[in-house]
Every structure is written in C-alpha cells, then in structure tokens.
Amino acid sequence: MTEPAKTDSVRPATVTAAPGRGSAPRWAVGVRALLGVAAIAGGVGVYAVLWSTRPEPAVRPQADRVITVSAVPAAARDVRRAWTGYGTARAMTAADVAAEVAGRVVEKPDSIEPGVRVERGQLIAALDPGEYADRLAAAEDAIAALEAQLERLDVEAAALAETVDLAEQSVALSERELDRAKAALARGAATENEIDRLTRDLIRLRRELTDARQRLDSVPTRRAEAVAQLDQQRASARQAERDLNRTRITAPIAGALESVGVDEGDWLGVGATVARIVDLSRVEVPVRLPASAAGAIRVGDEVRLTAEGAAARSWAARLDRIAPVADAQTRTITAYAVVEQPGADAASGALLPGRFLTAAVASRTPQRRVIIPRAAIVGDRVAIVGDGSTVVTRAVRVAHHLDGVFDDLHPDITEWAALDAGVEPGELVIITNLTEIEDGVAVRVEGPSTGDGARGGGP
37 MTEPAKTDSV RPATVTAAPG RGSAPRWAVG VRALLGVAAI AGGVGVYAVL
87 WSTRPEPAVR PQADRVITVS AVPAAARDVR RAWTGYGTAR AMTAADVAAE
137 VAGRVVEKPD SIEPGVRVER GQLIAALDPG EYADRLAAAE DAIAALEAQL
187 ERLDVEAAAL AETVDLAEQS VALSERELDR AKAALARGAA TENEIDRLTR
237 DLIRLRRELT DARQRLDSVP TRRAEAVAQL DQQRASARQA ERDLNRTRIT
287 APIAGALESV GVDEGDWLGV GATVARIVDL SRVEVPVRLP ASAAGAIRVG
337 DEVRLTAEGA AARSWAARLD RIAPVADAQT RTITAYAVVE QPGADAASGA
387 LLPGRFLTAA VASRTPQRRV IIPRAAIVGD RVAIVGDGST VVTRAVRVAH
437 HLDGVFDDLH PDITEWAALD AGVEPGELVI ITNLTEIEDG VAVRVEGPST
487 GDGARGGGP
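In the numbering used here, the protein residues as written are 37 to 495.
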C-alpha cells in the first residue's frame with residue numbers, strides 16, 4: 037500500500053510594530069488641523085479686504101442716454117369695428133334628385149357627369165316607360181267605356197220616361213173602360229166575364245207602369261255609380277300619366293352636378309338617388325361671432341370672407357339675417373352672410389360650398405377713435421415721446437383692432453388698435469426698441485413722424 041503524501045502547513049507570521057515607529061502622535065494631528073483652519077480664515081480675510089476696496093464702476097447718468105427709435109403719431113379717425121368669426125359655406129339652393137318610380141335606366145346622356153352645369157328640366161336619365169305606358173292606356177280605355185255607358189244611360193232614361201208616360205195613359209184608358217163596363221153590367225148590358233177581363237188588363241197595365249217607373253228611378257243611381265267609376269279611372273289615368281312622365285328624370289333646378297350615381301342598365305327603386313345639383317349663384321355662410329357683436333351689426337352690413345391655405349381667396353358678402361338667440365355655451369351668435377355670384381361655376385373662382393372661411397363683419401356706423409399701431413402695445417402699456425424727448429409710458433384701453441393702411445401715418449403698417457383711452461391725438465407713439473426704453477430715457481425719433489396727419493379724417 038502507498039502511504040499518503042505528507043504536506044507541510046505554514047502558519048502566517050504575526051508582525052508587531054514597535055512602539056514609537058509608523059504612526060504620528062496625537063499632538064501632531066492637532067497642530068495640522070489648526071494650521072488648515074488658519075489658512076482658510078486668512079483667505080476669507082483677504083477676500084473681504086479686496087471686496088471692500090474694489091473700485092466702483094462709472095455710472096452714466098440716465099439723462100445722457102439717447103436711444104434712436106421710430107414713432108408714429110396717434111390719430112383720431114372715424115373707424116368701423118370689424119368682428120371676426122368663422123363658418124363653412126353652403127349652397128342656399130341644392131337638390132337631391134331621386135327616382136320617383138321604379139324601373140331600369142334605358143338612357144343617360146353622355147354629358148351628364150359631375151361638374152357639368154345643367155338647366156332646369158334637362159334630362160339626367162330615362163327609365164323604361166313600357167309598364168307605365170300600358171297602365172295609362174288601360175286607364176284611358178276604361179274611361180272611354182264609362183263615358184259610353186253614361187251616354188247609354190242618358191238614352192235609356194229618355195226611353196223609360198216615354199214608356200212611363202205611355203203606361204200612365206194606358207192605365208187611365210183601362211180604368212175608364214172598366215168603369216163603363218161596370219155601369220153597363222148594372223144595366224144588364226155587360227157580363228161578369230167582361231168585367232174580369234178588363235180588371236186583369238188594368239192590373240197588368242199598372243204592373244207595367246210600376247216596372248217602368250222603377251227602371252226610370254234607378255237610372256240616376258246607375259249614372260252616379262258610373263260617374264264615380266269614371267272619376268276613379270280618370271284619377272288612375274292622371275297618376276299613370278305622371279308616372280310615365282317620371283320615367284324621364286330631369287333637373288329640378290339649374291346648377292352644377294355635384295354627383296351622378298346611375299348608369300345605363302341600372303335598376304332603380306323608388307327613392308334611389310340619381311344625382312345632386314347645387315346652385316352656386318347664392319352661397320350662404322353661417323358665421324359664428326362673439327355675442328357682444330349682437331348690438332353692433334345689422335342686416336345688410338358688409339362681410340369679407342377669406343379662405344386660408346394654398347388657394348387663399350376672399351369674397352365680398354352681406355349679412356342676410358341674424359339668429360335671434362345666442363349660444364350660452366360658446367357665447368356666440370350666428371349671422372348669415374350671403375355671397376351673390378350669378379352664373380358662377382367651379383372653374384370661375386366662385387366660392388364653393390364646403391369651404392371653411394374666416395369672416396370679418398364691419399359695423400355699418402363708424403365711431404371716432406384714437407388709433408395707434410398695434411405693435412406699439414406691450415401688455416397694456418405704450419411708450420410716448422414726452423417733453424424733452426424723454427419716454428413716458430402709459431396704460432391704454434383697447435376698444436378693438438382693425439386692419440387697414442393709413443398712408444399719412446405710416447405706409448407700411450396695416451395692423452392698428454383703436455383706443456378707448458390712454459393716448460391723445462398727435463402724441464408720438466414709439467414702435468421700435470421697446471425692450472430698451474423705460475420712463476425718463478432720452479430718445480431720438482428717426483424718420484418723418486412729426487404728427488402732421490394725426491388729426492385727419494380717414495385713411
């Protein structure tokens with residue numbers, strides 16, 4: 037057997053530092069801490085000395101600062117307030133053309149396509165008229181038969197009246213003959229058989245008279261029945277004629293075809309949509325305006341409608357009517373602007389239904405207001421060139437904004453603010469460098485803004 041190998045185990049040696057070597061005494065650590073604190077305190081002291089002895093920067097007196105600005109004179113003008121709203125155009129006259137009878141389309145003109153203009157009564161499509169023509173013919177035949185029947189009744193009534201007259205005469209003669217026979221029987225000149233025969237003849241004649249009268253009396257009733265049937269058949273004929281005419285589907289109004297939904301060979305039920313026609317000659321825009329405009333606008337006021345986007349355009353319109361109730365949720369009223377464009381079509385640049393528009397409604401009565409450039413107002417304040425060409429800032433109250441050009445004030449500014457208070461006509465309102473100026477700053481006004489047109493009467 038092999039003996040297990042012997043291994044030598046080595047124990048780690050323990051090293052013990054000798055006292056007084058490899059570690060600092062406690063008094064040395066304290067000295068070092070004191071030196072650090074002293075260095076920091078010295079630095080703070082030096083900073084304080086430098087701060088207290090710093091040189092003061094030279095301050096230029098505010099009165100010596102002169103900033104070059106542009107200014108526009110405030111002006112009193114008679115201006116009309118413009119209310120802005122939004123709406124979507126719609127055709128005032130439009131018609132959905134539908135089939136009024138059922139049938140198969142047998143004709144559709146080649147010119148009937150979307151976008152094509154049609155006139156009132158122009159054919160759009162035609163249905164198979166065969167069934168409706170047969171109904172009309174049957175009703176007309178029935179009318180002819182009833183009219184003939186009425187003629188026969190008239191002849192019959194005349195004949196029966198004559199028959200009744202003759203029967204009445206025969207009865208009268210028979211009664212007189214019977215009376216004579218009875219008198220003769222009383223004298224012995226006649227027999228009982230003769231009396232019986234005359235009596236039977238009288239009864240027969242009376243029966244014939246009664247029958248003739250009954251037939252004559254029935255004529256008015258039979259005539260009334262025939263007249264009623266005739267009226268019914270005439271109504272059926274009129275309906276059949278209408279249905280026959282309805283197989284030709286025509287334009288109910290003049291306008292442009294918005295859509296066409298049938299082709300030759302299609303089967304149409306009653307009410308099936310055939311086409312839609314819109315008349316572009318009058319287009320209406322329901323415009324939502326602030327409720328505060330209700331007291332300022334009137335029917336007939338001018339409206340400028342603008343379409344944004346790549347195909348931006350504008351159209352002149354007038355208010356046609358104003359809704360009597362305001363919307364409590366949106367705080368708006370609805371005013372209806374109408375654009376008149378006779379003979380318009382899509383290719384002529386007309387206002388088309390469905391376009392979203394911005395509307396500016398100008399009040400009819402102008403008001404005297406002080407106007408200044410809209411850009412001059414920062415917050416609710418403006419800067420005025422005061423005495424000594426120094427800046428004076430004031431609070432202003434804006435009545436409304438307006439767009440326009442006032443060449444005598446500034447030919448390049450188109451956006452203005454009409455004020456209720458804050459600026460007097462003729463005062464120069466600063467429009468540039470507004471972030472650099474404040475009350476008391478001296479300014480130099482560049483350009484010809486001297487206020488010459490500040491009290492003019494209009495743009």
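We treat Cβ as the ideally placed atom computed from N, Cα and C, and that holds for glycine.
Enclosing beta strand (DSSP E) for residue i [first to last residue]
| i | result |
| --- | --- |
| S350 | 349-358 |
| G123 | 118-124 |
| L163 | 159-163 |
| H446 | Per DSSP, H446 belongs to no beta strand (DSSP E) and is neither H nor E. |
| L325 | 309-326 |
| V414 | Run containing V414: none; DSSP gives neither H nor E here. |
| I103 | 102-109 |
| R433 | 433-439 |
| E143 | 139-143 |
| L393 | 392-398 |
The alpha helix (DSSP H) enclosing residue i, as first and last residue numbers
| i | result |
| --- | --- |
| D232 | 228-282 |
Min CB distance residue i to chain D below 8 Å
| i | result |
| --- | --- |
| G336 | Structure shown: chain D not included; a single protein chain is present. |
For residue i, three-class secondary structure by DSSP
| i | result |
| --- | --- |
| L189 | helix |
| A478 | strand |
| E460 | coil |
| G291 | strand |
| Q365 | coil |
| L341 | strand |
| Q205 | helix |
| R334 | coil |
| T429 | strand |
| E176 | helix |
| V152 | coil |
| L470 | coil |
| L374 | Contrary to the premise, residue 374 reads as Val rather than Leu in this sequence. Here V374 sits in strand by DSSP. |
| T199 | helix |
| L214 | helix |
| D423 | helix |
| D132 | strand |
| L388 | coil |
| V73 | helix |
| V465 | strand |
| V298 | coil |
| A380 | coil |
| D146 | coil |
| V82 | helix |
| A454 | strand |
Same chain only: Cβ atoms within 6 Å of residue i, ignoring 5 sequence neighbours per side
| i | result |
| --- | --- |
| L387 | A125, V319, W351, V375 |
| G307 | A134 |
| R480 | V102, T104 |
| A131 | P288, I289, I313 |
| T342 | S350, T394 |
| H446 | V108 |
Contacting residues, own chain, Cβ-Cβ under 7 Å from residue i (five flanking each side not counted)
| i | result |
| --- | --- |
| V255 | L189, E192, A193, L196 |
| A478 | A99, R101, V102, S425, T426 |
| S272 | A175 |
| P150 | L293, E294, S295, V296 |
| A107 | V421, L464, V465, I466, I467, V481, S485 |
| R270 | I179 |
| P360 | none |
| A435 | R405, A454, L455, D456 |
| S399 | R116, R117, A332, I333, D337 |
| E472 | I103 |
Contacts around residue i, its chain only, beta-carbon distance under 8 Å, and the 5 residues preceding and following it disregarded
| i | result |
| --- | --- |
| I420 | V427, V428, T429, R430, V459, E463, L464, V465, I466 |
| Y122 | V323, R324, F392, L393, T394, A395 |
| L234 | S210, E213, L214, A217 |
| Q185 | A262 |
| A330 | I358, A362, I369 |
| P378 | S317 |
| V414 | L470 |
Residue i beta carbon near the ligand MG (any heavy atom closer than 7 Å)
| i | result |
| --- | --- |
| V414 | As for the ligand MG, it is missing from this structure, which has no ligand bound. |
Any 3 or more C-beta pairs closer than 8 Å across the stretch 323-333 and the stretch 364-379: yes
Sufficient close CB pairs (3 or more, under 8 Å) joining the stretch 392-408 to the stretch 113-120: yes
Stretch-stretch touch, CB-based, cutoff 8 Å, three pairs: the stretch 129-145 with the stretch 294-309: Pairwise C-beta distances place the stretch 129-145 in contact with the stretch 294-309, as three or more of them are shorter than 8 Å.
Stretch-stretch touch, CB-based, cutoff 8 Å, three pairs: the stretch 156-168 with the stretch 277-286: Yes, the stretch 156-168 touches the stretch 277-286.
Touching by the beta-carbon criterion (3+ pairs, under 8 Å), the stretch 219-232 and the stretch 241-259: no
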